[in-house]
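**Student:** Chains as they are written, first to last, in this note's numbering: chain A, 1 to 232; chain B, 1001 to 1373.
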Ligand SMILES: Nc1ncnc2c1ncn2[C@@H]1O[C@H](COP(=O)(O)OP(=O)(O)O)[C@@H](O)[C@H]1O
Ligand SMILES: [Mg+2]
């Protein structure tokens, strides 16, 4: 079993820690997590692998402060995602989210979509424009900034979503099946871009996936089974 | 600055559902137009009536404690007392009455003396002011009254239970007067069974600065009447107050409907993009920022509604002003308080209509909203 409080054994400092986390739905009728624990360290790319319905998304949502555990401890970037105030701070400055569906605003342009997190922070327009250009350039969308999100292909949209997640330079990217709705070649491409960009941005990634090939391409592989997380 | 950039988001969403946005805008616009039209008509009517009373006078004398001037009686003794005051230059009694003519259930009648200044100021189309009150059974018509009674000088018209000969027709600027029938005071008193009384006495002072003195002395000597300065009268006259309140109340009702339109538009707008709003939350928008976004959207609707409503209201007024029946009664002037009131009402209505949708939007739980992929 993976012990989150174990010494850092030479790797980066712990960025996200879950300890003995329990979560059920429908008033306890659906027990999803039963004592799950994990650690993600600064800069690493960690796969959260498991069959569909095993609780990967649930764990990710708990770490990201989108939902609250029944019990157990969570710490992300020094904040407790169970607290409302910490959640806003986490979402604004420390975390980036990428989902299976890109979740872009369809009639905003690529640039406007990427900007959204900076808009929430009240960043200045010049500062935002520069940052957008750097990110879009990295994923090969620099010439499509003025296009509407709805006019892009699935792979392109997911690349925009990755840029958006990295807009405020988060330290941890929470990616929930980002390749789940893409064909094989496009999926490979998006995964590669995600890995590259996160490395360049020095952001750690916790990647939920049910696909073994992506899980094995990560630095570390954690398996979700029977409500717990085990190191593979 | 942050708020200004919300505007892009708000506009984007409105553009997405143009018809829906338009319905919200139309709700506000109708409210604005209705309010402008109603207020213009009421203020026009009040202004008109004020001017009848204020013509060439500084003070109005009428019976103490009457609810409406039509019920006021000033006796000949009281009139004499007014005229005897040294501060008074001129005093003109006037009796109001309502009669009905064929097809015209409400015709305003004015009983005045031959010396009344408004006769001399009018533009006479036939007859002359010198003729007024010279012959028994003669009445004089405002030009619009002459039009709708289809009468010319020399014709016989039936008014109430009596038959009269038209002695002359004149045009005045004042809608009430122009649509009115003028009788010599004595004949009006007989016709309306008011003995020797007048409704009001319009008083012109030798020195307008000595008004307070005049008022105090008159009211002490004649406790049955009261004297009010014209401006003071307009403010305190009950019927004007009732009209004002009614106009604003009717206008506000129109706005409530507009507010419901906004509420409906904004509710659809929020329910239709729960997921998108959840994504904004995930991107770091606070609950307050999401609510502000919804409110900003409704403010855009209100602004567009105001603009459209002003155009619409202007058009309605232009049409009303051309209706022969309303000629002279309308005040198309937009006073600053009315403009401010309409603008404020539009924004308050839009915000009120968006309050629940905004609250709902701010309570969206991202995890739930994003679960169904
Ligand atoms: N809000 C919810 N209400 C009820 N059941 C839920 C809810 N969210 C998730 N579940 C259930 O919890 C289990 C784990 O879901 P999830 O974490 O999405 O799994 P994964 O992402 O590994 O596919 C599933 O059986 C799912 O149906
Ligand atoms: Mg999932």
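For each residue, glycine too, the CB sits at the ideal point set by N, CA and C.
As the structure is a prediction and not an experimental result, all values here were calculated from the model.
(1) What does residue 1338 of chain B touch in chain A if you count any residue whose Cβ is under 8 Å from its own?
(2) Compare the C-beta of residue 178 of chain A against all C-beta atoms of chain B and say whether one is closer than 7 Å.
(3) Measure the beta-carbon distance from residue 207 of chain A to residue 48 of chain A and round it to whole angstroms, keeping in mind my assumption that it falls under 8 Å.
(4) At the level of alpha carbons, what is the spacing between residue 1356 of chain B and residue 81 of chain A?
(5) Please tell me whether residue 1291 of chain B and residue 1358 of chain B are closer than 7 Å, where the distance is taken between their beta carbons.
(6) With 16 other CB atoms within 10 Å as the buried threshold, where does residue 1337 of chain B fall?
(7) Would DSSP call residue 1281 of chain B helix, strand or coil?
(8) Using a beta-carbon distance cut-off of less than 9 Å, what residues from the segment 1268 to 1298 of chain B approach chain A?
(9) Using the beta-carbon of each residue, which ones in chain D are nearer than 8 Å to residue 120 of chain A?
(10) Quick one: does the C-beta of residue 232 of chain A sit closer than 6 Å to a heavy atom of ligand 1?
(11) Roughly how many angstroms separate the alpha carbons of residue 34 of chain A and residue 229 of chain A, rounded to a whole number?
(12) Could I get the ranges of all uninterrupted alpha helix (DSSP H) runs contained in the segment 36 to 62 of chain A, with 4 residues as the minimum, in chain order?
(13) Examine ligand 2 and report whether any of its heavy atoms sits within less than 6 Å of the Cβ of residue 57 of chain A.
(14) How about the segment 1255 to 1270 of chain B and the segment 69 to 76 of chain A: do they share at least three Cβ pairs that are nearer than 8 Å?
(15) How many angstroms separate the CA atom of residue 1218 of chain B from the CA atom of residue 1240 of chain B?
(16) Beta carbon of residue 1270 of chain B: closer than 6 Å to some heavy atom of ligand 1?
(17) Can you find at least 3 beta carbon pairs, one from the segment 1027 to 1044 of chain B and one from the segment 1180 to 1191 of chain B, that sit closer than 8 Å?
(18) To the nearest whole angstrom, what separates the beta carbons of residue 120 of chain A and residue 1289 of chain B, a pair I think is in contact under 8 Å?
(19) Look at the alpha carbon of residue 1181 of chain B and the alpha carbon of residue 1264 of chain B, and state the distance between them as a whole number of angstroms.
(20) Below 6 Å, is the gap between the Cβ of residue 28 of chain A and the nearest heavy atom of ligand 1?
(21) Kindly indicate the opening and closing residues of the alpha helix (DSSP H) around residue 1269 of chain B.
(22) Please go through the segment 1161 to 1186 of chain B and give each complete beta strand (DSSP E) segment of 3 or more residues, from N-terminal end onward.
(23) Assign residue 1230 of chain B to buried or exposed, taking buried as 16 or more other Cβ atoms, counted over all protein chains shown, within 10 Å of its Cβ.
(24) Should residue 1246 of chain B be labelled buried (16 or more other beta-carbon atoms within 10 Å of its own) or exposed?
(25) Starting from residue 75 of chain A, trace the beta strand (DSSP E) in both directions and tell me its first and last residue.
(26) Quick one: is the Cβ of residue 21 of chain A within less than 6 Å of any heavy atom of ligand 1?
(27) Excluding the five sequence neighbours on either side, which residues of its own chain have a C-beta within less than 8 Å of the C-beta of residue 1371 of chain B, listed in chain order?
(28) Hey, how far is the Cα of residue 8 of chain A from the Cα of residue 14 of chain A?
(29) Just to confirm my understanding: we take residue 117 of chain A, look at its own chain, exclude 5 residues before and 5 after, and list those with CB closer than 6 Å. What are they?
(30) Using the DSSP secondary-structure output, state which residues sit across from residue 1124 of chain B in a beta bridge.
(31) From residue 1129 of chain B to residue 1143 of chain B, what does the alpha carbon distance come to, in whole angstroms?
(32) To the nearest whole angstrom, what separates the beta carbons of residue 1063 of chain B and residue 1234 of chain B, a pair I think is in contact under 8 Å?
(33) Whole angstroms is fine: what's the gap from residue 1319 of chain B's alpha carbon to residue 1104 of chain B's?
(34) From this set, B/1199, B/1166 and B/1011, which residue's C-alpha is nearest residue 1069 of chain B's C-alpha?
(35) Tell me which residues share the same chain as residue 5 of chain A and place their Cβ nearer than 6 Å to its Cβ, disregarding the 5 neighbours each side in the sequence.
**Tutor:** Reading from the atomic positions:
(1) Locating residue 1338 of chain B in the second chain gives position 338, counting from the first residue. Ordered by position in chain A, no residue passes the 8 Å Cβ test against residue 1338 of chain B, which lies about 38 Å from the chain.
(2) As a position in the first chain, residue 178 of chain A is number 178, starting the count at 1. Taking Cβ atoms only, chain B never reaches closer than 7 Å to residue 178 of chain A, which makes this a no.
(3) Position 207 of the first chain, counted from the first residue, corresponds to residue 207 of chain A. Position 48 of the first chain, counted from the first residue, corresponds to residue 48 of chain A. The C-beta distance from residue 207 of chain A to residue 48 of chain A rounds to 7 Å, short enough to meet the 8 Å contact threshold.
(4) As a first step, residue 1356 of chain B is located in the second chain; it is residue number 356 there, counting from the start. As a first step, residue 81 of chain A is located in the first chain; it is residue number 81 there, counting from the start. Answer to the nearest angstrom: the Cα atoms are 28 Å apart.
(5) To locate residue 1291 of chain B, count along the second chain from 1; it is residue 291. To locate residue 1358 of chain B, count along the second chain from 1; it is residue 358. With contacts defined by Cβ atoms closer than 7 Å, residue 1291 of chain B and residue 1358 of chain B form a contacting pair.
(6) The count along the second chain starts at 1 and reaches residue 1337 of chain B at position 337. Exposed, because fewer than 16 other Cβ atoms sit within 10 Å of the Cβ of residue 1337 of chain B.
(7) Sequence index remark: in the second chain, residue 1281 of chain B carries index 281 (1-based). It is helical.
(8) 1273, 1275, 1276, 1278, 1279, 1280, 1281, 1282, 1283, 1284, 1285, 1286, 1287 and 1289
(9) No chain D appears in this structure, whose protein chains are A and B.
(10) Position 232 of the first chain, counting from 1, holds the residue named residue 232 of chain A. Taking the Cβ of residue 232 of chain A as the reference point, every heavy atom of ligand 1 lies at 6 Å or farther away.
(11) Here residue 34 of chain A refers to the residue found at position 34 of the first chain. Here residue 229 of chain A refers to the residue found at position 229 of the first chain. Our two residues, residue 34 of chain A and residue 229 of chain A, have alpha carbons roughly 9 Å apart in a direct line.
(12) none
(13) Here residue 57 of chain A refers to the residue found at position 57 of the first chain. The nearest non-hydrogen atom of ligand 2 is less than 6 Å from the C-beta of residue 57 of chain A.
(14) At 8 Å Cβ cutoff, the stretches do not touch.
(15) Counting from 1 along the second chain, the entry for residue 1218 of chain B is found at position 218. Counting from 1 along the second chain, the entry for residue 1240 of chain B is found at position 240. Answer to the nearest angstrom: the Cα atoms are 25 Å apart.
(16) Reading the second chain from its first residue, position 270 is the one you call residue 1270 of chain B. Checking every heavy atom of ligand 1 against the Cβ of residue 1270 of chain B, none is found closer than 6 Å.
(17) no
(18) Within the first chain, residue 120 of chain A is the residue found at index 120, counting from 1. Within the second chain, residue 1289 of chain B is the residue found at index 289, counting from 1. That pair is a contact at about 6 Å.
(19) To locate residue 1181 of chain B, count along the second chain from 1; it is residue 181. To locate residue 1264 of chain B, count along the second chain from 1; it is residue 264. For residue 1181 of chain B and residue 1264 of chain B, the distance between alpha carbons rounds to 51 Å.
(20) In the first chain, counting from the first residue as 1, residue 28 of chain A sits at position 28. Result no, Cβ not under 6 Å from ligand 1.
(21) The residue given as residue 1269 of chain B occupies position 269 in the second chain. Counting along the chain, the alpha helix (DSSP H) containing residue 1269 of chain B begins and ends at 1238 to 1271.
(22) Counting whole runs of 3 or more residues, the segment 1161 to 1186 of chain B contains the beta strand (DSSP E) stretches 1162 to 1171 and 1181 to 1184.
(23) Stepping through the second chain from its first residue, residue 1230 of chain B is reached at position 230. It counts as buried.
(24) As a working note, residue 1246 of chain B is residue 246 in the second chain. Looking at its Cβ environment, which holds fewer than 16 other Cβ atoms inside 10 Å, residue 1246 of chain B is exposed.
(25) Residue mapping note: residue 75 of chain A aligns to position 75 of the first chain, counting from 1. Where residue 75 of chain A is concerned, the enclosing beta strand (DSSP E) stretches over 71 to 76.
(26) As a working note, residue 21 of chain A is residue 21 in the first chain. Relative to ligand 1, even the nearest heavy atom lies 6 Å or more away from the CB of residue 21 of chain A.
(27) Here residue 1371 of chain B refers to the residue found at position 371 of the second chain. Cβ neighbours of residue 1371 of chain B beyond the five flanking positions: none.
(28) By 1-based counting over the first chain, the position of residue 8 of chain A is 8. By 1-based counting over the first chain, the position of residue 14 of chain A is 14. Low local confidence applies: a pLDDT of 47 at residue 8 of chain A is under 50, so the model's placement there is unreliable, with the coordinate-based value given in what follows. Taking the straight line joining both Cα atoms gives about 7 Å.
(29) In the first chain, the residue the question calls residue 117 of chain A occupies position 117. Once the five neighbours on either side are set aside, the close Cβ partners of residue 117 of chain A are 167 and 168.
(30) On the second chain, position 124 is the one that residue 1124 of chain B refers to. For residue 1124 of chain B, which the question treats as bridged, DSSP gives the partners B/1170.
(31) Taking the first residue of the second chain as 1, we reach residue 1129 of chain B at position 129. Taking the first residue of the second chain as 1, we reach residue 1143 of chain B at position 143. Computed Cα separation, rounded: 14 Å.
(32) Start at 1 with the first residue of the second chain, and residue 1063 of chain B comes out as number 63. Start at 1 with the first residue of the second chain, and residue 1234 of chain B comes out as number 234. About 18 Å separates the two Cβ atoms, so there is no contact after all.
(33) The count along the second chain starts at 1 and reaches residue 1319 of chain B at position 319. The count along the second chain starts at 1 and reaches residue 1104 of chain B at position 104. Each residue's alpha carbon lies about 22 Å from the other.
(34) Sequence index remark: in the second chain, residue 1069 of chain B carries index 69 (1-based). For residue 1069 of chain B, the closest alpha carbon among the candidates B/1199, B/1166 and B/1011 is that of B/1199.
(35) What you label residue 5 of chain A is simply residue 5 of the first chain in a count that begins at 1. Below a pLDDT of 50, predicted positions are generally treated as unreliable, and residue 5 of chain A, at 41, falls in that range; the measurement from the model is reported next regardless. Excluding sequence neighbours, residue 5 of chain A sits near nothing in its chain.
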